[in-house]
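Residue 10 in our numbering sits at position 10 of the sequence shown; the count goes up by one each step and never skips.
Let me begin by presenting the structure, written as structure tokens, before commenting on it.
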Amino acid sequence: MRTIARIIGLLALLGALLLPQPGFAVTPDEILKDPALEARARVLSQELRCMVCQNQSIDDSDAPLAKDLRMLVRERLVQGDSDRQVLDYLVSRYGSFVLLRPPLEMSTLLLWALPPLALLGGIVTLLAMARRRKTVVLETSTLSADEQRRMRKLTE
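Written out as structure tokens, the structure reads:
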């Protein structure tokens with residue numbers, strides 16, 4: 001009995017260790033002394049995509065490129081750039097892809113249009129499948145006299 005309890009305890013511990021843990025990507029050496037600038041840097045970092053991780057902000061990413069981008073954001077803020085100027089600078093260097101929420105432009109139209117179109121396509125496909133299934137069920141629901149006789153014989 002103790003062996004089973006130990007195994008369960010070890011499995012629970014292993015499960016807890018394998019659960020996703022919050023990452024602390026911003027290291028103490030990156031943090032600005034001015035709390036207002038640091039707060040702005042954190043907000044901006046959450047709006048910028050890590051070019052390595054791609055679906056993670058640079059604020060959450062441990063990638064070396066994300067750290068470089070966080071440092072660049074902080075440098076620009078210390079130099080006196082506004083939030084807009086920092087974002088514009090990074091977009092001019094890396095393109096709209098660096099933004100986690102890119103603006104609606106001709107170059108990003110497919111990016112914005114594809115998810116709703118895919119959802120609509122899925123709904124249309126499900127409706128078509130449901131209609132087809134209903135038609136098939138209706139067609140096969142009437143049995144001939146011979147089939148009904150065989151069915152009764154099989155079920156008795």
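Note that CB positions come from ideal geometry on N, CA and C, so glycine has one too.
Query: Beta strand (DSSP E) runs contained entirely in the segment 33 to 67, provided each spans 3 or more residues; Result: none
Query: Straight-line gap, Arg42 to Gln56 (C-alpha atoms, nearest Å); Result: 14 Å
Query: For Lys99, three-class secondary structure by DSSP; Result: The sequence shown places Leu at residue 99, rather than the Lys named in the question. Reduced to three states, the DSSP call for Leu99 is strand.
Query: Cβ distance (whole Å) where Val86 is taken to contact Leu77 below 8 Å; Result: 7 Å
Query: Span separating the alpha-carbon of Leu44 from that of Pro116; Result: 27 Å
Query: Closest residue to Trp112 among Val124, Ser144, Ser96 (Cα-Cα distance); Result: Ser96
Query: 8 Å Cβ cutoff met for Val124 and Leu48; Result: no
Query: Span of the alpha helix (DSSP H), counted from its first residue to its last, around Ser92; Result: 83 to 94
Query: With 16 other Cβ atoms within 10 Å as the buried cut-off, status of Ile162; Result: The question about residue 162 has no answer, for the chain in this structure spans 1 to 156.
Query: Opening and closing residue of the alpha helix (DSSP H) in which Leu13 lies; Result: 2 to 18
Query: Cα-Cα separation, Glu105 to Asp88; Result: 15 Å
Query: Under 8 Å between C-beta atoms of Val52 and Ala63; Result: yes
Query: Unbroken alpha helix (DSSP H) run spanning Thr155, endpoints; Result: 145 to 155
Query: C-beta atoms of Val26 and Asp68 nearer than 8 Å; Result: no
Query: Other residues of its chain near Cys50: CB distance less than 6 Å, five sequence neighbours each side excluded; Result: Gln56, Ile58, Ser61, Ala63, Ala66
Query: Nonlocal neighbours in the same chain, by C-beta distance under 7 Å from Arg40, ignoring five residues either side; Result: Leu77, Asp83
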